[in-house]
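Numbering (the numbering used here), first residue to last: -13 to 186.
Written below as structure tokens is the structure these notes are about.
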Amino acid sequence: MRTGRLVVAITGASGTVYAARFLRMAVPAFDEIFLAYSHQALEVAELELGLPGFAADPDPARLAGLPCPNVRVMDPRSYFHPPASGSFTHDGMVIIPCSMGTAGRIAAGISDNLVARAADVCLKERRPLVLVVRETPLSLVHLRNLTALTEAGAVVLPASPSFYNKPQGIDDLADTVAARAMHQVGFTPAVVPPWQYATP
Ligand SMILES: Cc1cc2nc3c(=O)[nH]c(=O)nc-3n(C[C@H](O)[C@H](O)[C@H](O)COP(=O)(O)O)c2cc1C
């Protein structure tokens, strides 16, 4: 049964733009979004998106470029937030972008912050967990961790933009990844229609 609630985490991999574009799609689609940034995510967001002061005041509306009244920002150091508990029901968790550090901690069951704990809860409760991972190249350690996560039920969704819809810029490219993540939690945004086969 759908709850209209989504958990979103933004970690310190390159690609905060994926998170920004994902929030633009998710905010109108869900009733409530529980959002956690890792400490490193805030630093990377400031750098990549040129958002001065964002680390001190990480207002999701600045990322998404639209009002976010239904987004609740959680302290990643505190476990006193609903997604830390299995008894809190929601429609899934998307980590976008997901660093190899966070992927490794989840794969090893090390719940040393709220992001890793909320993901651990998804795995144990068999709820959708989508990791939009970003690193290149991938080491054997990364590949083994991603395999373990897939075996445990997570969806590993590499931040690999597609080009067949002829994206016009970075936001369009990022939308091709964000839309795939939305699809995994039950929505197919009109902004990136599914590919239609046409004979050339
Ligand atoms: C500018 C910048 C870009 C980074 N890009 C990546 C990346 O693409 N993938 C990755 O796994 N780590 C990347 N890192 C390293 C992570 O931020 C680092 O491993 C951190 O400990 C991850 O912590 P977190 O998962 O709690 O955010 C980057 C760091 C910086 C400063």
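Every residue, glycine too, gets a C-beta built ideally from N, C-alpha and C.
| task | Would you decide whether Ile19 is buried or exposed? Buried here means 16 or more other CB atoms lie within 10 Å of its CB. | result | The residue you call residue 19 lines up with position 33 of the sequence shown. The residue is buried, with at least 16 neighbouring Cβ atoms inside 10 Å.
| task | List the residues that DSSP assigns as beta-bridge partners of Ala(-5). | result | What you label residue -5 is simply residue 9 of the sequence shown in a count that begins at 1. In the DSSP secondary-structure assignment, Ala(-5) is bridged to Ala22, Ile81.
| query | Per the contact definition of three or more C-beta pairs closer than 8 angstroms, is the region -5 to 9 in contact with the region 26 to 39? | reply | A contact exists between the region 26 to 39 and the region -5 to 9.
| C-beta contact flag for Ala167 and Phe66 at 8 angstroms | As a first step, residue 167 is located in the sequence shown; it is residue number 181 there, counting from the start. As a first step, residue 66 is located in the sequence shown; it is residue number 80 there, counting from the start. Not closer than 8 angstroms, so no.
| task | Give the secondary structure of Leu52 by DSSP, where H, G and I count as helix, E and B as strand, and everything else as coil. | result | Residue numbering aside, residue 52 sits at position 66 when the sequence shown is read from its first letter. Coil, per DSSP.
| message | If you measure between the beta carbons of Leu100 and Ala70, is that distance less than 8 angstroms? | response | Within the sequence shown, the letter at position 114 stands for residue 100. Within the sequence shown, the letter at position 84 stands for residue 70. In terms of Cβ geometry, Leu100 and Ala70 form a close pair [threshold 8 angstroms].
| query | Among Pro14, Asp17, Phe40, which residue has its Cα nearest to the Cα of Ser230? | reply | Outside the shown range of the chain, which is -13 to 186, sits residue 230, and nothing can be said about it.
| Ranges of the alpha helix (DSSP H) found wholly within the region 84 to 118, counting only runs of at least 4 | Taking 4 residues as the shortest admissible run, the region 84 to 118 contains the following complete alpha helix (DSSP H) segments, listed from N- to C-terminal end: 86 to 93, 100 to 111.
| message | Quick check on Arg130: does DSSP put it in helix, strand or coil? | response | Sequence index remark: in the sequence shown, residue 130 carries index 144 (1-based). Note: Arg130 maps to helix in three-state DSSP.
| said: Does Val163 come out as helix, strand or coil in the three-state DSSP assignment? | reply: Here residue 163 refers to the residue found at position 177 when the sequence shown is read from its first residue. In the three-state scheme derived from DSSP, where H, G and I count as helix and E and B as strand, Val163 is classed as helix.
| said: For a test of your reading of the model: does the CB of Arg63 fall under 7 angstroms from any non-hydrogen atom of ligand 1? Yes or no. | reply: For this step, residue 63 is matched to residue 77 along the sequence shown. Not under cutoff, so the answer is no.
| request: Report yes if the C-beta of Thr88 is less than 7 angstroms from at least one heavy atom of ligand 1; otherwise report no. | output: Against the sequence shown, residue 88 aligns to sequence position 102. True, at least one ligand heavy atom lies under 7 angstroms from that Cβ.
| query | What span of residues does the alpha helix (DSSP H) with Met11 cover, start to end? | reply | Taking the first residue of the sequence shown as position 1, residue 11 is located at position 25. Where Met11 is concerned, the enclosing alpha helix (DSSP H) stretches over 2 to 15.
| field | Ser0 CB to nearest heavy atom of ligand 1 below 7 angstroms | value | Residue numbering aside, residue 0 sits at position 14 when the sequence shown is read from its first letter. Placement of the Cβ of Ser0 at a distance of less than 7 angstroms from at least one heavy atom of ligand 1 is found.
| task | Check Met(-13) in the structure and name its three-state DSSP category. | result | As a working mapping, residue -13 is identified with position 1 in the sequence shown. Three-state result, Met(-13): coil.
| message | By the DSSP assignment, the beta strand (DSSP E) with Arg58 in it spans what residues? | response | Here residue 58 refers to the residue found at position 72 of the sequence shown. Segment 57 to 60, the beta strand (DSSP E) holding Arg58.
| request: Compare the beta carbon distance of Ala102 and Ile96 with 8 angstroms and say whether it is the shorter of the two. | output: Translated into positions along the sequence shown, residue 102 becomes position 116. Translated into positions along the sequence shown, residue 96 becomes position 110. Yes, Cβ-Cβ distance for Ala102 and Ile96 is below 8 angstroms.
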